[in-house]
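Residue numbers (this note's numbering): -14 to 237.
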């Protein structure tokens, strides 16, 4: 994640912090919010995909918690591994944290003609006060770091400000998801609603980034109903509970 020059410059510090990170897999954010990494891969999973944490659980000040990238949980054919070498990098204000993940999977046949494990690195940005993953970038931008002056994401050797790609919300909201779903051919779509929500990193992330309010409550209600119709009672109930909280708070 860090530029090559920075890696050499901070080698001793990194080696020391890696040991601490392996033991202290919980990071606290301002406002009594936290992120907990847990569950190492099995020996077979590690041999296939490499090391890392399998689960990252965000917990907010109200005691609510959920797993990040839950729909991409590691399986024998692939999923997400959270980097266990470097701790999350928190922005100067404490509003944001970025960390590394590996999207891993088995390709059969691979370039060699045999089944091969492949991976791609991403650097999601977490809004620490809400648990919302704002973006999930890959490539050169992941080699950056937070500036010492303000919440700016900088890449060594570049003068261009790349903060926008990291800090602007990258995914669809509930209204956009429902609009796209309602215009699809449902006979062909099948579980299309599930796919659309997964593209926004799951229902927990969708709700964390844009909780029910006057502008989206109708779309959330329709998404919940559609989840029920395809048997996804769990996600439907998560939405219903959030809608109920919004209504209760509005009347209090």
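Heads up, the beta-carbon is just placed ideally off N, CA and C, and yes, glycines get one too.
Residues bridged to residue i (per DSSP)
i: residue 157; result: Answer by DSSP bridge pairing: none, since residue 157 is not bridged.
i: residue 90; result: 63, 103
i: residue 130; result: 139
i: residue 112; result: 81, 117
i: residue 14; result: 18
i: residue 179; result: According to DSSP, residue 179 bridges with nothing at all.
Selection from the options that minimises the alpha carbon distance to residue i
i: residue 59; options: 152, 102, 44, 95; result: 102
i: residue 118; options: 203, 184, 217; result: 184
i: residue 109; options: 97, 126, 98, 100; result: 126
i: residue 38; options: 225, 75, 187, 87; result: 87
i: residue 187; options: 170, 221, 165; result: 221
i: residue 199; options: 77, 232, 133; result: 232
i: residue 82; options: 130, 205, 96, 207; result: 130
With 16 other Cβ atoms within 10 Å as the buried cut-off, status of residue i
i: residue 27; result: exposed
i: residue -4; result: Bear in mind that a pLDDT of 37 at residue -4, under 50, signals an unreliable position, so the number given afterwards is only what the model happens to contain. Classification of residue -4: exposed, given that the 10 Å Cβ count is below 16.
i: residue 218; result: exposed
i: residue 238; result: Outside the displayed span of the chain (-14 to 237) sits residue 238, for which this structure offers no information.
i: residue 122; result: buried
i: residue 32; result: exposed
If contact is defined by three or more beta carbon pairs under 8 Å, each pair taking one atom from either stretch, is the segment 145 to 161 in contact with the segment 190 to 210?
Put simply, the segment 190 to 210 touches the segment 145 to 161. At least three CB pairs are less than 8 Å apart.
Decide if the segment 15 to 22 is in contact with the segment 112 to 119; the criterion is three or more beta carbon pairs, one per stretch, under 8 Å apart.
Here the segment 15 to 22 lies against the segment 112 to 119, with 3 or more beta-carbon pairs under 8 Å apart.
Return the chain-ordered ranges of every alpha helix (DSSP H) run that is complete within the segment 193 to 224 and spans a minimum of 4 residues.
Within the segment 193 to 224, the complete alpha helix (DSSP H) segments of 4 residues or longer fall at 202 to 214, listed in chain order.
Mind listing, in chain order, the continuous beta strand (DSSP E) runs of no fewer than 3 residues lying wholly within the segment 32 to 62?
Runs of the beta strand (DSSP E) inside the segment 32 to 62: 40 to 44, 50 to 52.
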